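Have a look at the structure below, then the notes.
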Amino acid sequence: MSSALKELEILKSRNVERPECQNTGLYRILYKTDIFVLAYERIKSKNGNMTRGANNETLDGISPNWIDKTISELRTQKFKFSASRMVKIPKKNGNTRTLGIAPPREKVVQEVIRLILEAIYDAPEGTIFQECSHGFRANRSCHTALKEVKSKWNGTKWFIEGDISDFFDEIDHHVLIKLLGKKIKDEKFIQLMWKYIKAGYTEGNEVHKVANISGTPQGGILSPLLSNIYLNELDKYALELSKKHTKGTERRINPAYTRISSRIRRNKNPQRMKELYKERRNTQSRMPDDPNYVRVRYIRYADDWIIGVTGSRLLAEEIRRDMERFLKDELKLKLNLDKTFIRHAKTERATFLGVEINTSMNKANHSTISGNKKVKLQSDNIQLNVNMDGIIKRLNKAGMCKGNGFPICRNYHINYEDWEIIRTHNSVLDGLSNYYSFVSNRNKLRRVEYIIRYSAAKTLASKYKTSMAKIFKSYGNNLTIEYGKDKKVGIRDDIDWTIKVNNFKVSMWERSAVLDGLLYKRKVTKSRLGSPCAICGSNEGVQMHHVRHIRKSGVKYGGFDKYLGAINRKQVPLCKQHHLDIHNGKYDGAGLAQIFEEIKSHKKN
Numbered sequence: 014m015s016s017a018l019k020e021l022e023i024l025k026s027r028n029v030e031r032p033e034c035q036n037t038g039l040y041r042i043l044y045k046t047d048i049f050v051l052a053y054e055r056i057k058s059k060n061g062n063m064t065r066g067a068n069n070e071t072l073d074g075i076s077p078n079w080i081d082k083t084i085s086e087l088r089t090q091k092f093k094f095s096a097s098r099m100v101k102i103p104k105k106n107g108n109t110r111t112l113g114i115a116p117p118r119e120k121v122v123q124e125v126i127r128l129i130l131e132a133i134y135d136a137p138e139g140t141i142f143q144e145c146s147h148g149f150r151a152n153r154s155c156h157t158a159l160k161e162v163k164s165k166w167n168g169t170k171w172f173i174e175g176d177i178s179d180f181f182d183e184i185d186h187h188v189l190i191k192l193l194g195k196k197i198k199d200e201k202f203i204q205l206m207w208k209y210i211k212a213g214y215t216e217g218n219e220v221h222k223v224a225n226i227s228g229t230p231q232g233g234i235l236s237p238l239l240s241n242i243y244l245n246e247l248d249k250y251a252l253e254l255s256k257k258h259t260k261g262t263e264r265r266i267n268p269a270y271t272r273i274s275s276r277i278r279r280n281k282n283p284q285r286m287k288e289l290y291k292e293r294r295n296t297q298s299r300m301p302d303d304p305n306y307v308r309v310r311y312i313r314y315a316d317d318w319i320i321g322v323t324g325s326r327l328l329a330e331e332i333r334r335d336m337e338r339f340l341k342d343e344l345k346l347k348l349n350l351d352k353t354f355i356r357h358a359k360t361e362r363a364t365f366l367g368v369e370i371n372t373s374m375n376k377a378n379h380s381t382i383s384g385n386k387k388v389k390l391q392s393d394n395i396q397l398n399v400n401m402d403g404i405i406k407r408l409n410k411a412g413m414c415k416g417n418g419f420p421i422c423r424n425y426h427i428n429y430e431d432w433e434i435i436r437t438h439n440s441v442l443d444g445l446s447n448y449y450s451f452v453s454n455r456n457k458l459r460r461v462e463y464i465i466r467y468s469a470a471k472t473l474a475s476k477y478k479t480s481m482a483k484i485f486k487s488y489g490n491n492l493t494i495e496y497g498k499d500k501k502v503g504i505r506d507d508i509d510w511t512i513k514v515n516n517f518k519v520s521m522w523e524r525s526a527v528l529d530g531l532l533y534k535r536k537v538t539k540s541r542l543g544s545p546c547a548i549c550g551s552n553e554g555v556q557m558h559h560v561r562h563i564r565k566s567g568v569k570y571g572g573f574d575k576y577l578g579a580i581n582r583k584q585v586p587l588c589k590q591h592h593l594d595i596h597n598g599k600y601d602g603a604g605l606a607q608i609f610e611e612i613k614s615h616k617k618n
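Using the numbering used here, read the sequence shown as starting at 14 and increasing by one per residue.
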């Protein structure tokens, strides 16, 4: 195990054994080359690392010399984070969300910091975060949060949908540093975090320094973890509210239900008994509004949270006020009251993580047979549903249908290859099918299958200036396209739209960075960063040549990069001269024995 990984392992173990411990000596971990190699290996192939930052650099050309220089600047505390390039992303409500694109090489430094912070705050064997926190964490996802609601929130009477105004833009720097200071007693490391949050941003040709005291770069590698550290305080407070208000072990028996049962026992008239049984099926056996039985439940994913209240509306309003007050006084955040709703669980639907939530009383199937016994079903079961109007809006925004759901040609895909048109349409179908695998109205998603099939057909028809009928006649009902060597793709028709309310995909988020690093530590020793030039074998001035989107739609490579495409590799070490030759189109193709051997090996496998 490398020395950096040993440091992380020690750091992780210490915080697991003593959650309240204060950590020192973190900054010196940044002096170790192998932790930078690990960080580079973790992010080198991710999307966006060939997108230029404000300083015009990408990961292409990164080298051991860059790591040495960065470590030297960290040692002398001269290292500074560059301003992020800001882009505006449209939101559903017509507004925009601001994302910061950091220079890709500085993402390596951010990843190193994240490895350290994750060992302290969220190691797999022990974490300071609460069970109710599901965003950007190991083995947690939207599905784990929704599964929690589905399985444990039955009987909820009121939902509180929480919305924090401009969360990432309003994170208070001093509050964040104060929270970090609870676990970190290393002034140099804290100063580095100050540099990160104060780096500023560029918009157009102007550089804007962060003059205010709030905001972190949304979209950065560190943002998710820092947001969890910040909102962990809200989680703890919400759990305190839950503990404070929870009372009673079970609801009182409903007197109305008891009276009907007594009448059934005394009555001899078959017709009247039939009426009484029907009346009892529509009556809850326990008091639905028992003031001596209260439950408050809370779940958070990133900055989205929801509270379920089994109690009165007055209690729900009190809890909303308490949450608003805590956010304002302790975290310097504002609860958006225009988007924070109190919903009645039976008559309204709350929205959380793209899913509509309500409760429904079992009437016709008020009891069931379990084993040899007749067992009463629980009332007020949680129902999770897909909002089809919302899905149609998303498909309309993606250019696949009109606002009423009528399929249309996806114009900006006309120039794609036929198989690429089918594959991109399938990816939308797969995504929606997988995400809404558990909803109670899953069969309604059949309409999505119809829209996607006919949108693909219209796109192909528009491309070839022909009719849909001729397209279906040529390619079949599933639009099956043959391409390459013995390859074919068609619109999927094998998706099971059966309703399976417990079909959650509970492992949709990536592993912990620390666990990933320790499990795959061999990858660090085998990193190509610093290896000899793949063309001439020189060890002088070796840099990593990066290619964007190997084997991706519409990208055609020639010269040296076509060999990388043949072995599906996006990075390869090259000496400075050959690197320049390739970028200038002057490479003559000599000295590729190693690449050819890898191509042969790749084809055999």
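Cβ atoms here follow ideal geometry from the backbone N, Cα and C, with glycine treated the same way.
Since the model is a prediction, treat every value here as computed from it, not as a measurement.
Can you look up residue i in the DSSP assignment and give me helix, strand or coil?
| i | result |
| --- | --- |
| L21 | helix |
| S16 | helix |
| R510 | The question names Arg, but residue 510 in the sequence shown is Trp. Residue state, collapsed to three classes: coil. |
| V519 | coil |
| R505 | coil |
| R299 | strand |
| T46 | helix |
| L492 | coil |
| V139 | A small fix is needed here, since residue 139 is Gly in this sequence, not Val. Strand, per DSSP. |
| Q396 | strand |
| S275 | helix |
| E246 | helix |
| I133 | helix |
| I382 | At I382 the pLDDT is 44, less than 50, meaning the model places this residue with poor confidence; the figure from the coordinates comes in the next sentence. I382 falls in the strand class under three-state DSSP. |
| E430 | coil |
| T157 | helix |
| P365 | Reading off the sequence, residue 365 comes out as Phe, not Pro. Three-state DSSP puts F365 in a strand. |
| K486 | helix |
| R65 | coil |
| Y449 | coil |
| G113 | strand |
| N456 | helix |
| D73 | coil |
| K347 | coil |
| T262 | coil |
Can you round the beta-carbon distance between residue i and residue j to whole angstroms, since I take them to be within the 8 Å contact cut?
| i | j | result |
| --- | --- | --- |
| I512 | N597 | With 8 Å as the limit, I512 and N597 do not qualify as a contact, their Cβ atoms being about 59 Å apart. |
| N620 | N454 | Nothing in the structure corresponds to residue 620, since the chain is present only between 14 and 618. |
| E343 | E263 | Going by Cβ atoms, the distance from E343 to E263 rounds to 35 Å, so no, they are not a contact pair. |
| E119 | S95 | 6 Å |
| P32 | G139 | 7 Å |
| I465 | V441 | 6 Å |
| D11 | R265 | Since the displayed the chain opens at 14 and closes at 618, residue 11 lies outside it and no answer follows. |
| N295 | M286 | Their Cβ separation, rounded to whole angstroms, is 15 Å, which puts N295 and M286 out of contact at 8 Å. |
| Y243 | L205 | So it is not a contact: roughly 18 Å between Cβ atoms. |
Determine the closest residue to residue i out of the options, with distance taken between C-alpha atoms.
| i | options | result |
| --- | --- | --- |
| D351 | K359, R333, L366, G367 | R333 |
| S475 | K498, E495, R423, T437 | R423 |
| L445 | N417, N400, L473, F485 | N400 |
| T157 | L128, Y314, A482 | Y314 |
| R541 | R31, D47, P32, I464 | D47 |
| E288 | P301, I273, S298, M300 | I273 |
| K163 | A470, Y44, F365 | F365 |
| G412 | D185, E343, S468 | S468 |
| L328 | D393, R308, K347 | R308 |
| I405 | Y463, Q396, Y425 | Y463 |
| P116 | K91, T215, L408 | T215 |
| T360 | E331, D335, Q396, K341 | Q396 |
| N241 | N371, L130, L159, E22 | L130 |
| K196 | R460, N417, L39 | L39 |
What does DSSP give as the partner residue(s) for residue i in the beta ladder?
| i | result |
| --- | --- |
| H559 | Q584 |
| W171 | V322, H357 |
| C414 | P420 |
| R310 | G321 |
State whether the stretch 585 to 593 contacts the stretch 545 to 560, with contact taken as three or more CB pairs (one from each stretch) at a distance under 8 Å. yes
How about the stretch 167 to 176 and the stretch 320 to 332: do they share at least three Cβ pairs that are nearer than 8 Å? yes
Segment contact flag, the stretch 426 to 433 with the stretch 489 to 501, C-beta cutoff 8 Å, min 3 pairs: yes
When the Cβ atoms of the stretch 290 to 303 are set against those of the stretch 336 to 355, are three or more pairs found closer than 8 Å? no
So does the stretch 207 to 214 actually touch the stretch 44 to 59, counting three or more Cβ pairs closer than 8 Å? no
Are three or more beta carbon pairs between the stretch 177 to 193 and the stretch 88 to 102 nearer than 8 Å? no
When the Cβ atoms of the stretch 143 to 158 are set against those of the stretch 69 to 76, are three or more pairs found closer than 8 Å? no
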